[in-house]
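K.L.:
Questions regarding the structure given below will be posed in turn.
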Amino acid sequence: MDIKQFDTIFRKPQINVLFGYIDEIISKENLKVRKEDRNFIANFFTGGFTEIVLDWLGNGQQESPKEMKKQFCRTQKNIIVHSLKVASKDKNKY
Numbered sequence: 081m082d083i084k085q086f087d088t089i090f091r092k093p094q095i096n097v098l099f100g101y102i103d104e105i106i107s108k109e110n111l112k113v114r115k116e117d118r119n120f121i122a123n124f125f126t127g128g129f130t131e132i133v134l135d136w137l138g139n140g141q142q143e144s145p146k147e148m149k150k151q152f153c154r155t156q157k158n159i160i161v162h163s164l165k166v167a168s169k170d171k172n173k174y
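Below, the structure is given as structure tokens:
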């Protein structure tokens, strides 16, 4: 699989789901986040998630998918919400 195929099959669907989540949080929390910041946050977290999954696959999937999910939830809880709130507080950028 080349990088283009990987991007189409894995990364693009993932970032679309994340954009939906980000937009939901922005609306729910009534945040004002610049498009550039929204895109950066989505790309940042998509890249991190992708790298973790690639490492997990490359290392023979030592942890079960259930354990990986627990670890993601445990370590990433509310971090995207926090990032969006921090970006929203920067009033000088609007």
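Residues 81 to 174 (our numbering) are what the sequence shown spells out, left to right. Glycine residues also receive a C-beta, built at the ideal position from the N, C-alpha and C atoms.
Grouping DSSP H, G and I as helix and E and B as strand, with all else coil, what is residue 140?
P.N.:
Sequence index remark: in the sequence shown, residue 140 carries index 60 (1-based). Looking at residue 140 - three-state DSSP - the assignment turns out to be coil, as it is neither helix nor strand.
K.L.:
Buried or exposed for residue 86, please, with buried defined as at least 16 other CB atoms from any protein chain shown within 10 angstroms of its CB.
P.N.:
Reading the sequence shown from its first residue, position 6 is the one you call residue 86. Answer is exposed; the Cβ neighbour count stays below 16.
K.L.:
May I ask you to report which of helix, strand or coil DSSP gives residue 170?
P.N.:
The count along the sequence shown starts at 1 and reaches residue 170 at position 90. It is coil, neither helix nor strand.
K.L.:
Over what stretch of residues does the alpha helix (DSSP H) that includes residue 148 continue unbroken?
P.N.:
For the purposes of this step, residue 148 is taken as the residue at position 68 of the sequence shown. Taken as a continuous stretch (DSSP letters only), the alpha helix (DSSP H) holding residue 148 covers 145–156.
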